Amino acid sequence: MKILVTGGTGYIGSHTVVELQQAGYEVVIIDNLSNSNREVLKGIEAITGKAPVFVEGDCTDINTLRKLFEENPGIQGIINFAASKAVGESVQKPLLYYRNNLNTLINLLECMPEYGVKGIVFSSSCTVYGEPDVNPIDETAPIKPATSPYGNTKQISEEIITDYVHSGAPIKSIILRYFNPIGAHPSAKIGELPLGVPQNLVPYLTQTAAGIRKELTVFGDDYNTPDGSCIRDYIDVVDLAKAHVVAMRRMLDGEDTDSIEIFNLGTGRGVSVLELIHDFELSTGMAVPHKIGPRREGDIEQIWAIPDKANNVLGWTAETPVGETLANAWRWQCSLK
Ligand code: NAD
Ligand code: UFG
Numbered sequence: 383m384k385i386l387v388t389g390g391t392g393y394i395g396s397h398t399v400v401e402l403q404q405a406g407y408e409v410v411i412i413d414n415l416s417n418s419n420r421e422v423l424k425g426i427e428a429i430t431g432k433a434p435v436f437v438e439g440d441c442t443d444i445n446t447l448r449k450l451f452e453e454n455p456g457i458q459g460i461i462n463f464a465a466s467k468a469v470g471e472s473v474q475k476p477l478l479y480y481r482n483n484l485n486t487l488i489n490l491l492e493c494m495p496e497y498g499v500k501g502i503v504f505s506s507s508c509t510v511y512g513e514p515d516v517n518p519i520d521e522t523a524p525i526k527p528a529t530s531p532y533g534n535t536k537q538i539s540e541e542i543i544t545d546y547v548h549s550g551a552p553i554k555s556i557i558l559r560y561f562n563p564i565g566a567h568p569s570a571k572i573g574e575l576p577l578g579v580p581q582n583l584v585p586y587l588t589q590t591a592a593g594i595r596k597e598l599t600v601f602g603d604d605y606n607t608p609d610g611s612c613i614r615d616y617i618d619v620v621d622l623a624k625a626h627v628v629a630m631r632r633m634l635d636g637e638d639t640d641s642i643e644i645f646n647l648g649t650g651r652g653v654s655v656l657e658l659i660h661d662f663e664l665s666t667g668m669a670v671p672h673k674i675g676p677r678r679e680g681d682i683e684q685i686w687a688i689p690d691k692a693n694n695v696l697g698w699t700a701e702t703p704v705g706e707t708l709a710n711a712w713r714w715q716c717s718l719k
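Numbers in my numbering are just positions in the sequence shown, counted from 1, shifted up by 382.
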């Protein structure tokens with residue numbers, strides 16, 4: 383079975399391509415390399431023994447997509463990772479975010495019936511829940527007003543997919559709301575490659591342990607949490623990638639499944655920033671120089687998932703202990719030297 387993976391040379395996309403190929407799927411990637419590197423294809427080939435078909439192109443151009451579908455007939459499913467994802471940048475450049483993230487999705491949806499593509503798995507985010515009233519949260523938790531244009535693109539994307547499926551379009555969709563993906567493939571052949579100074583916790587942490595950054599700043603220790611630092615649900619990127627394979631199988635093979643389904647993808651465990659630093663130091667033996675700084679504007683205090691629906695309905699569970707995930711992130715950081 384042939385699957386189109388948009389954004390397939392990116393962080394989560396590349397790990398998912400590996401899992402799809404290992405599960406026997408044929409993969410076609412489209413990526414414009416705006417936030418990734420062609421070298422990733424070599425990593426995928428080194429792990430799986432097979433190079434995916436790669437199209438360098440932009441999903442906001444529908445003619446590029448039509449050409450891809452014509453040249454690669456028989457694509458049955460799409461996983462749409464392609465998007466711009468930097469929350470801070472989205473506040474500075476909202477139109478870039480709305481244009482890129484929404485046009486990409488609309489073009490893909492428009493092409494699906496034209497080329498007989500049956501289903502689309504969409505990368506959404508726990509950011510759609512905003513600051514939850516209670517934790518942990520399941521999929522029925524209210525959607526809060528978005529705190530950034532990036533977050534808004536995820537909310538609007540979910541609505542676009544829902545409206546299109548409800549209009550009677552001959553497609554199915556699974557929307558996956560990721561919590562905080564971290565780590566790297568255990569082979570250290572693929573991982574996260576942030577451009578410039580990392581904004582996210584784990585790449586900043588591994589670069590600090592490697593001596594590239596002087597010290598990590600913990601953004602606030604005066605939150606209403608047991609140790610005062612923010613709490614997240616950190617999910618191993620390979621576990622996350624595996625969920626896409628299960629979702630694709632359910633969407634394309636499941637006869638009686640709903641046309642549209644939404645799943646939280648998290649571990650069900652909330653971990654604070656200070657705990658994560660401690661876990662990293664324990665599992666790698668590396669010290670992470672860090673200091674407490676002011677809160678980061680726009681941060682959510684605490685959010686973690688009830689992953690029961692994914693566990694019970696998809697039959698998928700996040701299995702990797704956080705220490706092992708952090709050790710993999712460190713192995714990947716060391717491989718970059
Ligand atoms: P990433 O930036 O590593 O990967 C996205 C890929 O899409 C990149 O390779 C980029 O070059 C490509 N791309 C962007 N716009 C494109 C376009 N118009 N045409 C073709 N290719 C394009 O990001 P990621 O962390 O792998 O995230 C993948 C998806 O998951 C995104 O939709 C993101 O919003 C979502 N997500 C990520 C996180 C996270 O913390 N990483 C959390 C929740 C949701
Ligand atoms: N943090 C620090 N120091 C740093 C970086 C981060 O203390 O140098 C803290 C943050 O304050 C936060 C936690 O580490 O409490 C996690 O921060 P990240 O930036 O790694 O992740 P976020 O939870 O802020 O956001 C991520 C993605 C978003 C996505 C969101 C929910 O970056 O794109 O998860 O899916 F929307």
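Beta carbons: idealized from backbone N, C-alpha and C, even for Gly. On a predicted model such as this, the values are computed, not experimentally measured, just so you know.
Just reading off the beta strand (DSSP E) that residue i is part of, what are its end residues?
{"i": "Ser506", "result": "501-507"}
{"i": "Ile461", "result": "457-462"}
{"i": "Glu349", "result": "With the chain represented from 383 up to 719, any question about residue 349 goes unanswered, as that position is not in the structure."}
{"i": "Pro563", "result": "562-564"}
Does residue i come out as helix, strand or coil in the three-state DSSP assignment?
{"i": "Glu427", "result": "helix"}
{"i": "Leu386", "result": "strand"}
{"i": "Leu402", "result": "helix"}
{"i": "Phe601", "result": "strand"}
{"i": "Val409", "result": "strand"}
{"i": "Ile613", "result": "strand"}
{"i": "Lys554", "result": "strand"}
{"i": "Arg420", "result": "coil"}
{"i": "Gln394", "result": "Per the sequence shown, residue 394 should be read as Ile rather than Gln. Ile394: helix per DSSP, three-state reduction."}
{"i": "Pro495", "result": "helix"}
{"i": "Ile519", "result": "strand"}
{"i": "Arg713", "result": "helix"}
{"i": "Arg559", "result": "strand"}
Just mark residue i as buried or exposed, buried being the case when its beta carbon has 16 or more other beta carbons within 10 Å.
{"i": "Asp690", "result": "exposed"}
{"i": "Glu574", "result": "buried"}
{"i": "Ile659", "result": "buried"}
{"i": "Glu540", "result": "buried"}
{"i": "Ala669", "result": "exposed"}
{"i": "Glu643", "result": "buried"}
{"i": "Gln474", "result": "exposed"}
{"i": "His548", "result": "exposed"}
{"i": "Lys673", "result": "exposed"}
{"i": "Asp618", "result": "buried"}
{"i": "Leu386", "result": "buried"}
{"i": "Asn483", "result": "buried"}
{"i": "Val410", "result": "buried"}
{"i": "Ile572", "result": "buried"}
{"i": "Thr388", "result": "buried"}
{"i": "Leu718", "result": "exposed"}
With respect to the alpha helix (DSSP H) encompassing residue i, which residues constitute its N-terminal and C-terminal limits?
{"i": "Tyr532", "result": "531-548"}
{"i": "Phe451", "result": "444-453"}
{"i": "Val469", "result": "469-474"}
{"i": "Tyr586", "result": "583-591"}
*Does the count of Cβ pairs from the segment 507-518 and the segment 528-536 closer than 8 Å reach three?*
yes
*Should the segment 671-684 be regarded as contacting the segment 601-615, the criterion being three or more beta carbon pairs within less than 8 Å?*
yes
*Considering only residues of the segment 620-707, which uninterrupted alpha helix (DSSP H) runs meet the minimum length of 4 residues and lie entirely inside it, listed in chain order?*
655-666
*Do the segment 419-428 and the segment 630-641 touch if we need at least three Cβ pairs shorter than 8 Å?*
no
*Hey, is the segment 457-474 in contact with the segment 514-521, meaning 3+ C-beta pairs nearer than 8 Å?*
At 8 Å Cβ cutoff, the stretches do not touch.
*Is the segment 424-431 close to the segment 443-463, with three or more CB pairs under 8 Å?*
no
*Touching by the beta-carbon criterion (3+ pairs, under 8 Å), the segment 395-407 and the segment 582-592*: Segments in contact, no.
_Contact between the segment 476-495 and the segment 603-615 is defined here as three or more beta-carbon pairs at a separation below 8 Å; is this criterion met?_
These segments do not touch.
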